[in-house]
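First up is the structure itself, then whatever we jot down about it.
Protein chains in written order, with the working numbering: chain A, 21 to 359; chain B, 21 to 359; chain C, 21 to 359; chain D, 21 to 359.
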């Protein structure tokens with residue numbers, strides 16, 4: 021039984037991680053913390069009443085390092101890079117949910133996340149926690165940088181075509197739609213019920229911090245520099261992301277040809293489901309699961325590929341993927357606790 | 021053209037009042053203010069783009085009194101009683117949306133609204149702005165206390181039976197359900213989209229500040245002291261209230277007999293619609309209108325009357341009723357701007 | 021491994037039962053059917069893609085009886101009583117989700133469900149599947165009648181006070197609110213998205229078929245004839261029921277005294293969670309679980325008890341409870357597959 | 021007072037048209053019909069209780085032609101082309117909400133709407149009712165073909181750039197998202213509350229009947245054949261469309277330059293609101309109005325223009341635009357009844 025701690029359980033992804041780990045047969049949750057909330061966990065999250073006697077306290081390095089072998093950092097960006105170095109130094113394995121270790125260039129980090137990066141050493145070492153692309157590296161990692169929710173859906177949708185036909189791609193547009201929990205549990209007017217319900221809007225048009233993250237890892241997969249056009253939107257639902265991705269191609273192709281590429285690429289993946297040609301993924305089919313469902317279509321002239329992908333932003337887009345990474349790092353079966 | 025000002029336009033009821041008054045043929049909106057928001061009104065409320073050149077500034081007594089004849093106070097309780105005295109002194113007519121002038125006993129006010137009442141003089145003079153019960157008083161009033169949203173739906177549902185059969189009533193239970201805008205536009209965690217969407221709960225069970233307000237005016241109508249049991253709930257919708265009211269009776273009655281009483285009571289009311297026996301009111305039928313729809317049912321043993329009533333909490337429950345009161349105070353047709 | 025079949029998997033409760041049983045360590049789902057839908061189960065329910073190779077066919081008695089030891093009938097009322105006799109005759113254990121075996125008087129059945137009861141023999145033998153009240157009987161039963169969703173929440177809320185203080189109860193009002201999946205998956209205009217979203221209404225006021233079911237079993241618990249006043253409402257959410265129950269008492273009591281009664285009554289129950297005084301249950305805390313959360317409040321005069329209870333109508337209100345019953349009937353741990 | 025009739029008032033757009041016209045100072049609604057619903061209009065639509073004494077009957081040509089000067093056909097496609105010829109012959113002005121008179125090539129019509137076109141004569145004469153592009157033609161028309169909801173938002177978003185920079189456009193992708201009322205009031209499983217709520221999906225990917233409609237009129241504006249890539253999605257809201265439109269350009273441009281083009285193009289339009297650079301339109305800002313709000317953004321490399329546009333699909337996308345057209349045809353002020 022691995023002893024696992026979660027820092028930041030008052031947020032949605034920390035809560036989700038806790039729910040998964042309380043039922044995970046290979047781990048015992050030995051430590052939980054949050055900085056703005058304290059007390060019995062089942063008072064903080066009444067849905068967990070009767071399922072845990074854990075108590076939540078403000079983060080304490082000693083407590084964390086003495087009680088845990090693995091730590092999940094479900095904290096906002098700029099906080100994670102302050103906590104990770106000491107945890108790593110104490111020998112713990114760390115999985116960071118935030119954006120702090122995803123971009124590899126500290127200047128680019130500062131451009132998108134405003135603050136200067138204070139842990140440049142580990143920034144280089146951190147492994148990007150997308151198992152479908154970096155499984156072997158994750159198995160050996162001490163610090164895993166869990167991908168952003170949008171990049172997870174985008175990279176899983178684009179990796180097969182990028183890896184095999186990268187040279188034929190002339191442009192990529194990602195029209196992304198996310199449920200509200202993707203914004204975290206901050207109390208801001210724009211996330212109030214009356215503001216979101218019955219509404220829909222684009223935000224951070226061509227200017228979202230997940231775009232450079234997609235560019236970085238998609239360029240690695242494709243083997244050439246790629247820059248996507250990324251427009252996110254806010255859906256009036258709690259959980260789930262759907263991305264509609266438009267890939268312009270130099271040469272004609274067919275839905276069947278593309279489908280074959282995807283089928284082969286994801287043949288053995290436990291959490292990627294490729295739909296049949298003509299089917300479309302729906303958010304409700306993956307909410308509450310760690311799946312990513314993907315469909316491909318091709319325009320009549322054969323030169324526009326439309327990929328649609330869906331995930332639950334709190335599971336495959338955050339806590340589920342973190343547990344998948346933890347399973348790999350700890351030598352557990354990759355799907356344990358997630359099916 | 022009456023010159024009218026609105027204090028507190030950054031909230032939902034202030035916004036609703038503004039939308040109504042911008043189209044009201046008898047008034048010109050000459051002043052708007054809010055304490056936490058400034059600037060062009062159509063930047064604050066982009067739905068109003070192209071419909072007004074008004075600018076919003078922090079409240080200023082001089083500006084308000086020199087530019088307006090009537091002021092709508094769409095501010096939180098405890099604020100209204102600080103503003104009203106000076107406005108009244110300057111000769112303006114005032115309609116207060118808050119709870120500050122509804123309860124007539126300063127001690128009871130303090131019990132429910134925590135702070136001491138600082139305008140006891142006007143507290144006595146304020147007229148309760150429910151036109152169906154106090155129309156003539158409203159016409160002559162300088163200070164109208166606009167009813168709470170829950171009391172509006174409750175009193176309109178209960179007035180006919182209370183006024184005519186009050187002595188036969190043995191107990192009243194009000195099971196009330198409100199949309200989220202009833203809580204105002206405060207940014208609190210419990211009103212965030214993800215907390216409310218897909219959820220439903222009771223709150224302030226038997227302990228809501230609108231209960232003594234209902235008791236006070238229902239007792240006036242009934243001619244005997246009545247104390248209701250009031251349990252509010254939070255609906256995952258933006259606007260609308262439905263109350264299911266259970267009236268226990270000493271003697272048997274029938275749905276037909278009760279229906280006749282209600283029909284007679286509301287014969288000439290422009291904003292109360294009595295449904296046929298067997299029909300049930302629905303929130304969607306009154307959202308965006310100033311109507312209150314009411315239905316009556318009687319149990320098989322004839323001793324339990326079930327009244328259901330619906331209103332839009334921002335219209336008949338707040339801004340619409342305020343304009344109805346303004347119409348009466350200014351000598352306009354009562355329904356002007358509201359149909 | 022018990023071989024279990026589900027009849028009616030195209031509905032919401034059949035789907036939910038299937039999802040539970042596919043992960044249940046003690047059973048193998050060997051048969052699924054539906055009369056209006058055929059084909060691969062993961063085409064019918066794409067969320068199950070990759071999790072089952074089952075195929076759905078129209079109901080066939082031979083197939084069902086040869087491939088199963090236990091059958092869950094997730095079919096509409098009037099259908100179940102046509103299927104159950106033959107299944108029982110073939111030696112199968114049957115759990116019926118419908119209303120067909122809940123009321124014990126065939127005339128009363130016909131009054132509420134219109135059609136004449138065609139299986140009066142088994143009607144008498146069927147055990148009411150509320151484990152908290154009838155656990156020992158369920159263990160020995162061959163035919164279990166799974167309770168209605170509203171009665172489950174009502175009876176669990178009322179049983180402790182009924183069993184211990186029944187003589188002091190003078191009247192009971194149940195104000196019930198249910199999500200839309202409670203109406204099944206019929207395509208009727210009133211259940212269309214645009215009709216329900218943003219709306220709320222009462223329906224079948226004092227005239228719902230679940231009222232006599234509550235009366236029957238509450239009278240058994242209480243030891244005297246009780247007739248409740250039941251008013252259901254439709255919530256704009258998918259899953260979940262909250263009932264606010266008003267119990268008038270002859271004698272004064274306190275919240276503490278009532279809380280003690282409930283605490284003792286449910287001391288060892290795995291799926292009933294009694295909240296602390298002052299807390300209120302919320303639908304979101306039980307959605308996706310088999311829990312029933314209950315809170316008690318008492319009015320200031322001590323003579324009105326307000327009980328609030330929440331369940332997921334598809335779990336504790338249908339498929340979850342059915343699996344709980346199946347566990348008892350099969351000798352499995354009662355919570356297996358449900359926690 | 022023009023005498024106006026509405027055929028198809030049981031649907032959402034017919035209902036919306038009726039609500040507008042009951043308050044329109046220039047018209048009297050003299051006739052309403054629907055084929056599946058009959059009786060008092062305020063029984064069919066209880067929100068209209070007390071506002072009309074109209075009765076709804078099955079369509080009758082004689083009644084319609086003798087009681088009306090103008091007819092709004094709010095009927096499904098393939099029905100409109102059966103009714104329009106006789107109404108036109110009788111001298112009535114006709115505004116058709118359906119797709120029957122939008123595509124000008126009967127073969128193309130049949131390709132997308134399956135049935136053969138049975139009124140080819142009027143098909144040629146019908147004027148496309150988008151006032152911002154065809155105002156003068158509409159004023160003189162006897163048969164106006166009201167645009168589709170998606171094409172309205174798309175054409176208003178694309179007309180300025182198409183009309184002025186058409187030659188520089190290399191490709192157009194329209195990622196469209198619509199509320200559920202856009203699908204009409206048919207009772208199909210996929211539009212049930214539980215199927216849509218909490219969900220989001222694409223449908224008819226690159227294969228929607230509104231794509232050729234956009235192509236036809238955009239090509240007219242642009243002066244060269246244009247074929248858009250159109251992917252619609254279903255939003256879990258009642259009303260509203262947002263389209264995110266990606267225009268690839270041969271030459272670099274800037275947001276400021278594009279903004280100037282749009283500002284000039286829509287300078288005098290009463291129902292198109294151009295947002296400032298940096299602002300984004302939201303569905304809630306136009307729901308319940310006849311406005312189309314538009315924003316423009318340009319990628320850093322200057323070669324991708326992102327236009328976002330929102331409308332209320334039942335107003336500017338259907339009934340509102342129909343009344344705008346009716347105003348033009350009847351010589352009323354264009355905004356009458358719509359502001």
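All residues carry an ideal CB built from backbone N, CA and C; glycine is no exception.
Please read all numbers here as calculations on a predicted model, not as lab measurements.
Assignment of residue 44 of chain B by DSSP, reduced to helix, strand and coil, places it in the coil class.
The beta-carbon separation of residue 120 of chain B and residue 98 of chain B, rounded to 7 angstroms, stays under the 8 angstroms limit for a contact. At least one beta carbon of chain B lies nearer than 9 angstroms to the beta carbon of residue 217 of chain A.
Between residue 228 of chain D and residue 252 of chain D a beta carbon distance of about 5 angstroms is seen, short of the 8 angstroms cut, so the two are scored as contacting. A direct Cα-to-Cα measurement between residue 178 of chain A and residue 217 of chain B gives close to 32 angstroms. Beta-bridge analysis with DSSP links residue 253 of chain B to B:197 and B:222. Contacts with chain B (Cβ-Cβ distance below 8 angstroms) from the segment 263-280 of chain C involve 264, 266 and 268, listed in chain order. The shortest C-alpha to C-alpha distance from residue 93 of chain D to any of D:133, D:136, D:137 and D:38 is the one to D:38. Residues of chain A whose Cβ lies closer than 8 angstroms to the Cβ of residue 258 of chain B are, in chain order, 213, 214, 217 and 218.
Taken atom to atom, the span from the alpha-carbon of residue 90 of chain C to that of residue 140 of chain C is near 21 angstroms.
Within the segment 63-77 of chain B, the residues whose Cβ lies closer than 7 angstroms to any Cβ of chain D are, in chain order, 66, 67, 69 and 70. Sixteen is the threshold: when 16 or more other Cβ atoms of the shown chains lie within 10 Å of the Cβ of residue 219 of chain D, as they do, the residue is buried. Residue 349 of chain D sits in a helix when the DSSP states are folded into three classes. Three or more Cβ pairs closer than 8 angstroms define a contact, and the segment 100-116 of chain D falls short of that threshold against the segment 55-73 of chain D. For residue 90 of chain B, no alpha helix (DSSP H) segment is defined; the enclosing uninterrupted segment is the beta strand (DSSP E) at 90-93. In this model, residue 127 of chain B and residue 264 of chain D are separated by some 57 angstroms (Cα to Cα). Residue 221 of chain C sits buried, since 16 or more C-beta atoms from the chains shown fall within 10 Å of its C-beta. Sequence-ordered contacts of the segment 25-57 of chain A with chain B read 32 [C-beta pairs closer than 9 angstroms].
Judged by pairs of C-beta atoms under 8 angstroms, the segment 340-358 of chain C does not touch the segment 203-218 of chain C, as fewer than three such pairs exist.
Using a CB distance cut-off of 9 angstroms, residue 61 of chain B does not count as an interface residue toward chain D.
The Cβ-Cβ distance between residue 27 of chain A and residue 84 of chain A falls below 9 angstroms. Among the residues facing chain D, residue 295 of chain B is included, as its CB has a counterpart in that chain under 9 angstroms away. Taking CB atoms only, residue 181 of chain C has no neighbour in chain B less than 9 angstroms away. Look at residue 174 of chain B: its C-beta is not under 9 angstroms from any C-beta on chain C.
A straight-line Cα-Cα distance of about 37 angstroms links residue 250 of chain B and residue 260 of chain D.
In the three-state scheme derived from DSSP, where H, G and I count as helix and E and B as strand, residue 138 of chain A is classed as coil. Residue nearest to residue 308 of chain A within the set A:59, A:298, A:130 and A:36 is A:36 (criterion: CA-CA distance). By the Cβ rule, the segment 233-250 of chain D counts as touching the segment 178-188 of chain D, because three or more pairs are nearer than 8 angstroms. Three or more beta-carbon pairs separated by less than 8 angstroms are not found between the segment 280-297 of chain C and the segment 190-203 of chain C, which leaves the two stretches without contact.
Under a criterion of Cβ atoms nearer than 7 angstroms, the residues of chain A adjacent to residue 328 of chain D are, in order, 222. Shown here, residue 62 of chain D sits in a helix according to DSSP, grouped into three states. DSSP places residue 109 of chain C within a helical segment (H, G or I) once states are collapsed to three. Under the 9 angstroms criterion on CB atoms, residue 201 of chain D is classed as interfacial with respect to chain C. With respect to chain D, the C-beta atom of residue 333 of chain A has no partner C-beta closer than 9 angstroms. Taken in chain order, the complete alpha helix (DSSP H) segments of 4 or more residues contained in the segment 230-277 of chain D are 230-242. Listed along the chain, the chain D residues whose CB falls inside 8 angstroms of the CB of residue 207 of chain C are 207, 208, 209 and 212.
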